[in-house]
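First the structure, in the form of C-alpha cells, and then the observations on it.
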Amino acid sequence: LIQIEQHGGVRLLRLNRPEALNAFTAAMLVQLRHALTAAAEDGATRCVLITGAGRAFSAGQDLADPLVAPSREPGVAPKNIGHMLDQHYIPLALQLRNMPVPVVAAVNGVAAGAGANVALGCDLVLAGESASFIQAFSKIGLLPDCGGTWLLPRLVGRAKALELALLGERLKSAEAERLGLVSRVVPNAELPEVAMAVAQKLASLPTRALVQTRRAMDEALHLEFEPALRREAVLQSQLGFAHDYLEGTAAFLDKRPPAFKDR
Ligand code: LHQ
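To convert, count from 1 in the sequence shown and add 21; that's the numbering used here.
This is the structure in C-alpha cells:
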C-alpha cells in the first residue's frame with residue numbers, strides 16, 4: 022500500500038491504492054507510519070518525499086472501511102471514529118511534524134479530507150497543475166481532522182480557513198499557491214522530476230539546521246517576540262557547536278561545496 026524507493030539521500034514514499042484514489046485504510050496508515058519510522062531511523066536518508074500513485078494524491082479516509090462506518094441500526098453502538106484518529110491520524114500528523122529530516126509532499130492530483138491535511142502537514146508542498154485540495158469533511162458531517170483546524174487558519178488566516186472548511190469546495194493548485202498553501206505549482210508531467218530535485222537539494226543541505234528551523238518556527242507560533250528571539254539563540258548556539266556549522270563556514274571560506282552530515 023506504500024511503495025518505497027531510495028534515491029540517494031531521498032526516501033520516496035508513494036501512496037499506492039490508486040483504484041480508490043489512495044484513500045487511507047487502517048492497514049495503509051500503519052504502513053505509512055512504519056515507512057516514516059524506517060526513514061527517520063535510516064541515517065542515510067536526509068529527506069522524505071511523499072506522493073500518490075495514479076491520478077490522486079489521496080482521497081482521505083477510506084469511507085468504505087467498516088472501521089469508520091456510521092451505525093445505521095438503532096441500538097447498535099456507533100463506530101468510534103475518534104478511535105481511528107487516536108490510533109492512526111494523530112500519530113501520523115505528529116510523526117510528520119517531528120520528522121528528523123525535511124518532508125516534501127508532491128501533490129500529483131486531488132488531495133481530499135485527511136489526504137489534504139497530510140499533504141499540508143509536510144514541510145514543503147509542491148503540486149501539479151491539475152492537483153486540487155478539498156476539505157471534504159463538512160459534506161459528510163465532520164470537521165477537518167489530521168491537523169486541519171490547526172493548520173488552515175495558520176496557513177491562510179481564519180476567514181479563508183473557514184471558507185475552505187465550511188464549503189468544502191475544490192481548491193485548484195494555482196489558487197492554493199496564491200493563498201500560500203502550496204510553495205510551487207509545476208506542469209503535471211514535470212512534478213516527479215521537480216519534486217525529486219527539490220528533495221535532493223534538501224537532502225544536500227544541513228539536515229539538523231533545517232529541522233531546528235522548522236522546530237523554532239513552530240514554537241514561535243505561540244511565543245511573544247522576545248521569548249522567540251531567546252529560543253532562536255538557544256537553538257542557534259546548539260547548532261554552532263555542531264559539525265555542519267564548522268563545515269559550512271570552512272567550505273565557504275575554501276570556496277568548495279560543503280559536505281554536511283549532522284542529522
Ligand atoms: C473512495 C474515496 C474514499 C473510499 C474516492 N473512500 N473510496 C474521516 C472518518 C473517520 C475517521 C478519520 O478521519 C476521517 C477523515 C477524512 O479523511 S474524511 C474525508 C474523506 N474523504 C472524502 O470525503 C472524499 C471522498 N471522495 C470524493 O469526494 C471524490 O472521490 C474526489 C473529489 C476525491 C475525487 O472525485 P472523482 O475524481 O470524481 O473520483 P471518484 O469519486 O469517481 O473516485 C474514484 C474511485 O475512488 C471511486 O471508486 P469506484 O469503485 O466507483 O471507481 C470512489 O468510490 C473511490 N474513492 N474517495 N474517501
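Note that beta-carbon positions come from the ideal geometry of N, C-alpha and C, so glycine has one too.
Residue j beta carbon less than 7 Å from that of residue i
| i | j | result |
| --- | --- | --- |
| Ala114 | Cys68 | no |
| Gly142 | Leu164 | no |
| Pro279 | Gly269 | yes |
| Val125 | Phe78 | no |
| Ala133 | Ile155 | yes |
| Ala44 | Asp107 | no |
| Pro123 | Ala61 | no |
| Leu36 | Glu26 | no |
| Ser225 | Leu187 | no |
| Ala263 | Asp239 | no |
| Ala237 | Glu253 | yes |
| His104 | Leu50 | no |
| Ala157 | Gly189 | yes |
Option in the options with minimal Cα separation from residue i
| i | options | result |
| --- | --- | --- |
| Val31 | Glu253, Leu88, Thr72, Ala195 | Thr72 |
| Lys222 | Asn43, Leu145, Gln82 | Leu145 |
| Gly29 | Ala241, Glu247, Met217 | Met217 |
| Ala85 | Gly189, Pro112, Ala47 | Ala47 |
| Val89 | Asn101, Ala180, Gly81, Ala80 | Asn101 |
| Arg76 | Leu242, Ala56, Leu212 | Leu212 |
| Pro112 | Leu231, Asp63, His55, Glu196 | His55 |
Local Cβ density within 10 Å of residue i, reported as buried at 16 or more and exposed below that
| i | result |
| --- | --- |
| Gly130 | buried |
| Val255 | exposed |
| Arg229 | buried |
| Leu275 | Looking at the sequence provided, one finds Asp at residue 275 rather than Leu. Exposed, by the Cβ-count rule. |
| Leu250 | exposed |
| Leu42 | buried |
| Asn138 | buried |
| Pro227 | buried |
| Gly136 | buried |
| Arg38 | buried |
| Ile23 | buried |
| Thr66 | buried |
| Ser194 | buried |
| Phe281 | buried |
| Gly81 | buried |
| Ala74 | buried |
| Gly162 | exposed |
Chain D within 7 Å of residue i, Cβ atoms only
| i | result |
| --- | --- |
| Lys160 | Checking the listed chains, one finds no chain D in this structure; it contains a single protein chain. |
Counterpart residues of residue i in DSSP-defined beta bridges
| i | result |
| --- | --- |
| His28 | Val31 |
| Ser79 | Ala132 |
| Phe154 | Ala132, Leu192 |
| Arg205 | Leu147 |
| Val255 | Beta-bridge pairing links Val255 to no other residue. |
| Gly73 | Leu36 |
| Ile23 | Leu36 |
Notebook entry, point to check: Should the segment 174-188 be called in touch with the segment 204-215, which here means at least 3 C-beta pairs below 8 Å?
Noted result: With the rule of 3 Cβ pairs closer than 8 Å, the segment 174-188 does not count as touching the segment 204-215.
Item checked: Cβ contact check for the segment 149-162 and the segment 188-207: 3 or more pairs under 8 Å -> Yes, the segment 149-162 is in contact with the segment 188-207.
Check: Can you pull every residue whose C-beta falls closer than 6 Å to some heavy atom of the ligand GDP, listed in chain order?
Finding: This structure lacks the ligand GDP; the ligands present are the ligand LHQ.
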